[in-house]
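In this note's numbering, the protein residues as written are 52 to 191. What follows is a set of notes on a single structure, which appears directly below.
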């Protein structure tokens, strides 16, 4: 069995489509399928990309068929890293939302401060009462 066929087994095991696989390791559309169809060889540059993006895949097994397909210790580390990344992204999104809320509240506070300043200005103005007409004495 050739490495390309073992990669195919791994993708089926992980339920990863050929298109998703090609996209993840940045291969051109159809490259993997063509190599599999022709039972072609896999270059070292592609093996390195596979190793970087699928750390649980045992590369010795891909190359020789020896050992287990999945390196369980790396699978656990990969799962923990994915969980951490997910939690980080969720918390980062919450933080961004809170920052937007703070920005909106700061705008409201500035508007309220302007209104208060305007009222204070109006209160400190002298009161101008209309001129009262003094009644003139009746001269008859």
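Just so you know, even glycine gets a beta-carbon here, dropped at the ideal spot from N, CA and C. Small disclaimer: the values here were computed from a predicted structure and weren't measured.
Check: Local conformation of residue 78 per DSSP, three classes; Outcome: coil
Check: Close beta carbons around residue 107, own chain, < 7 Å, minus the five adjacent residues each side; Outcome: 121, 122, 125, 126 and 129
Check: Beta-carbon contacts of residue 69 that lie in its chain and below 6 Å, excluding the five residues immediately before and after; Outcome: 83 and 84
Check: Separation of residue 153 from residue 80, as counted between CA atoms; Outcome: 45 Å
Check: Alpha helix (DSSP H) segment containing residue 107, residue limits; Outcome: That residue, residue 107, is in no alpha helix (DSSP H); it is neither H nor E in DSSP.
Check: DSSP state of residue 93 mapped onto helix, strand, coil; Outcome: coil
Check: Contact set for residue 75: own chain, Cβ-Cβ below 7 Å, skip 5 residues either direction; Outcome: 104
Check: Where the alpha helix (DSSP H) through residue 56 begins and ends; Outcome: 54 to 65
Check: Where residue 178 sits in the DSSP three-state scheme; Outcome: coil
Check: Proximity below 8 Å, CB of residue 101 to CB of residue 58; Outcome: yes
Check: Given residue 86 as reference, the closest of 172, 113, 166 and 54 once Cα atoms are compared; Outcome: 54
Check: Residue 97, buried or exposed, once every other Cβ within 10 Å from all chains shown has been counted against 16; Outcome: buried
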